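So the structure is just underneath, and the comments pick up after that.
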Amino acid sequence: MAEDYKYLTFRIEDNVGIITLNRPDKLNAVSWDLAEELAALLLKLRYRDEVRTILLTGEGRAFCAGGDVDFLSGEGDRPMPGTSSADRPIPRSQRKSPGGPFFEVMRQLVLVDKPVIAAIHGHAVGAGLAYALACDRRFADSTTKMAAIFTNVGVAPDCGMSYFLPRIVGFSNALMMVETAKVFKAEECKELGLIDELVPEGKDFETAFEYARMLAQRASVAVDAARRLIHMSQYMTLDEILEFEGAIGVCVAGSADAKEGTMAFMEKRKPVYRGV
Numbered sequence: 001m002a003e004d005y006k007y008l009t010f011r012i013e014d015n016v017g018i019i020t021l022n023r024p025d026k027l028n029a030v031s032w033d034l035a036e037e038l039a040a041l042l043l044k045l046r047y048r049d050e051v052r053t054i055l056l057t058g059e060g061r062a063f064c065a066g067g068d069v070d071f072l073s074g075e076g077d078r079p080m081p082g083t084s085s086a087d088r089p090i091p092r093s094q095r096k097s098p099g100g101p102f103f104e105v106m107r108q109l110v111l112v113d114k115p116v117i118a119a120i121h122g123h124a125v126g127a128g129l130a131y132a133l134a135c136d137r138r139f140a141d142s143t144t145k146m147a148a149i150f151t152n153v154g155v156a157p158d159c160g161m162s163y164f165l166p167r168i169v170g171f172s173n174a175l176m177m178v179e180t181a182k183v184f185k186a187e188e189c190k191e192l193g194l195i196d197e198l199v200p201e202g203k204d205f206e207t208a209f210e211y212a213r214m215l216a217q218r219a220s221v222a223v224d225a226a227r228r229l230i231h232m233s234q235y236m237t238l239d240e241i242l243e244f245e246g247a248i249g250v251c252v253a254g255s256a257d258a259k260e261g262t263m264a265f266m267e268k269r270k271p272v273y274r275g276v
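When the letters of the sequence shown are read in order and numbered with UniProt numbering, they come out as residues 1 to 276.
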């Protein structure tokens with residue numbers, strides 16, 4: 001089952017929604033239009049029950065080489081606040097949120113309310129690294145190179161980099177990465193925690209898909225709720241998260257899969273989950 005997009009490809013296999021960034025001639029650099037398509041697709045997938053997990057990858061030689069330089073320079077078809085000439089009109093909505101769909105992708109990667117797994121090869125830098133860091137787990141092959149590359153082109157970190165990076169690599173390493181814009185090879189990325197699973201060249205999609213498919217076979221209402229709670233815990237107090245665990249726990253306990261799971265445990269058999 002495949003669906004048509006201009007800058008993405010999308011298909012569903014074994015309840016896994018596979019999103020592929022599809023600008024291989026640009027190393028899948030994120031243009032305004034690609035970001036719009038990706039954010040809109042993630043929003044739709046939140047409500048598509050046949051999709052239980054999502055896999056994000058890139059076509060060709062790279063996962064994603066960051067933001068499209070034509071846009072960032074202000075010389076592209078769409079003006080960029082701060083870099084475009086003063087005589088170019090900028091839409092009102094963009095005045096209020098210069099990052100537009102680039103930033104919305106980050107929101108939707110969390111709000112999609114389903115596990116998102118990254119299959120990474122080649123470059124994952126700038127916005128591409130930010131999108132990878134927002135995923136639940138990152139499988140990367142030995143060709144992977146990562147960098148918070150923003151200051152190399154004279155711009156500040158964006159696309160949620162400042163939020164996710166210190167939470168994943170620690171405060172001091174995050175400062176080092178954004179200040180130096182150093183490019184790290186696959187083994188170094190694994191040591192920093194940027195990569196969760198380092199696999200041989202060409203095996204990133206295969207291993208990421210197997211993990212995503214495994215999650216899709218679990219009690220997806222409970223998995224999605226567990227994911228949501230972990231995200232909420234990043235900005236809540238203990239008392240607040242205990243209250244939400246109680247409320248969400250009651251909701252999930254009413255699912256068919258919760259009944260199947262508890263009965264299977266009591267009957268000493270493997271549960272058969274239906275995702276409801």
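Even glycine gets a Cβ: it sits at the ideal position worked out from N, Cα and C.
Every value quoted in this text rests on a predicted model; they were computed, and no experiment measured them.
Under the three-state reduction of DSSP, which class applies to residue 39: helix, strand or coil?
One-based indexing of the sequence shown puts residue 39 at position 39. Residue 39: helix per DSSP, three-state reduction.
Supposed close pair residue 125, residue 35 - CB separation, criterion 8 Å:
Numbered from 1 along the sequence shown, position 125 holds the residue referred to as residue 125. Numbered from 1 along the sequence shown, position 35 holds the residue referred to as residue 35. Approximately 16 Å separates the beta-carbon atoms of residue 125 and residue 35; this is outside 8 Å, ruling out the contact.
According to DSSP, residue 138 sits in a beta bridge with which residue or residues?
The count along the sequence shown starts at 1 and reaches residue 138 at position 138. Bridge partners of residue 138: 118.
Kindly indicate which residue of 209, 94, 109 and 32 has the alpha-carbon position closest to the one of residue 43.
Numbered from its first residue, the sequence shown carries residue 43 at position 43. Closest option to residue 43, Cα to Cα, is 109.
Nearest residue (CA-CA) to residue 26, options 67, 227 and 39:
The residue labelled residue 26 in the question sits at position 26 within the sequence shown. Of the listed residues, the one whose Cα sits closest to residue 26 is 67.
Is it right to say residue 53 is buried, meaning 16 or more other beta carbons lie within 10 angstroms of its own, or is it exposed?
By 1-based counting over the sequence shown, the position of residue 53 is 53. So residue 53 counts as buried.
Reference residue 136, options 253, 168 and 28, closest by Cα:
Along the sequence shown, read from residue 1 onward, the residue named residue 136 stands at position 136. The residue with the shortest Cα to Cα distance from residue 136 is 168.
Span of the beta strand (DSSP E) holding residue 12?
Here residue 12 corresponds to residue number 12 of the sequence shown, with the count starting at 1. Per DSSP, residue 12 belongs to the beta strand (DSSP E) from 8-13.
Report the three-state DSSP secondary structure of residue 143 (helix, strand or coil).
By 1-based counting over the sequence shown, the position of residue 143 is 143. Coil.
Which residues in the same chain as residue 277 place their Cβ atom closer than 8 Å to its Cβ, once the five residues preceding and following it in sequence are excluded?
Beyond the ends of the chain as shown, which are 1 and 276, falls residue 277; an answer cannot be given.
Does the beta-carbon of residue 115 have 16 or more other beta-carbons within 10 angstroms, so that it is buried, or is it exposed?
Start at 1 with the first residue of the sequence shown, and residue 115 comes out as number 115. With 16 or more Cβ atoms within 10 Å of its Cβ, residue 115 is classed as buried.
With which residues is residue 124 paired in a DSSP beta bridge?
By 1-based counting over the sequence shown, the position of residue 124 is 124. DSSP lists 64 and 146 as the beta-bridge partner residues of residue 124.
What are the start and end residues of the alpha helix (DSSP H) that includes residue 229?
As a first step, residue 229 must be located in the sequence shown, where it is residue number 229. For residue 229, the uninterrupted alpha helix (DSSP H) segment begins and ends at 220-233.
So with Cβ pairs under 8 Å, would you call residue 190 a contact of chain D?
Within the model displayed, chain D is absent; a lone protein chain is all it includes.
Are there three or more Cβ pairs, one per stretch, closer than 8 Å when the stretch 197-216 is compared with the stretch 15-23?
Touching, yes, given that three or more Cβ pairs across the two stretches are closer than 8 Å.
How should residue 157 be labelled, buried or exposed, when 16 other C-beta atoms within 10 angstroms of its C-beta is the threshold for buried?
Working through the sequence shown from its first residue, we reach residue 157 at position 157. With 16 or more other Cβ atoms within 10 Å, it is buried.
Taking one C-beta from the stretch 258-274 and one from the stretch 212-223 each time, how about it: are there three or more such pairs within less than 8 Å?
Counting Cβ pairs under 8 Å, three or more are found: they touch.
For residue 189 and residue 122, what's the separation of their Cα atoms in angstroms?
The residue given as residue 189 occupies position 189 in the sequence shown. The residue given as residue 122 occupies position 122 in the sequence shown. When rounded, the distance between both Cα atoms is 12 Å.
If you draw a straight line from the alpha carbon of residue 241 to that of residue 229, how long is it in whole angstroms?
Translated into the one-based positions of the sequence shown, residue 241 becomes position 241. Translated into the one-based positions of the sequence shown, residue 229 becomes position 229. Answer to the nearest angstrom: the Cα atoms are 8 Å apart.
Among 227, 57 and 265, which residue has its Cα nearest to the Cα of residue 248?
Here the question's residue 248 lines up with position 248 in the sequence shown. Considering only alpha carbons, the answer is 227.
Between residue 14 and residue 186, is the Cβ-Cβ spacing less than 8 Å?
What you label residue 14 is simply residue 14 of the sequence shown in a count that begins at 1. What you label residue 186 is simply residue 186 of the sequence shown in a count that begins at 1. The Cβ atoms of residue 14 and residue 186 lie no closer than 8 Å to each other.
Can you tell me whether residue 253 is buried or exposed? The criterion is at least 16 other CB atoms within 10 Å of its CB, across all chains shown.
Along the sequence shown, one-based indexing puts residue 253 at 253. Under this definition residue 253 is an exposed residue.
With a 10 Å radius around its C-beta and 16 neighbouring C-beta atoms as the bar for buried, classify residue 4 as buried or exposed.
Position 4 of the sequence shown holds residue 4. Burial call: exposed.
So, do the stretch 92-102 and the stretch 171-184 have three or more beta carbon pairs nearer to each other than 8 Å?
No: the two stretches stay apart, fewer than three of their Cβ pairs being nearer than 8 Å.
Would you mind reading off the limits of the beta strand (DSSP E) that contains residue 197?
Counted from its first residue, the sequence shown places residue 197 at position 197. Unbroken beta strand (DSSP E) run through residue 197: 197-199.
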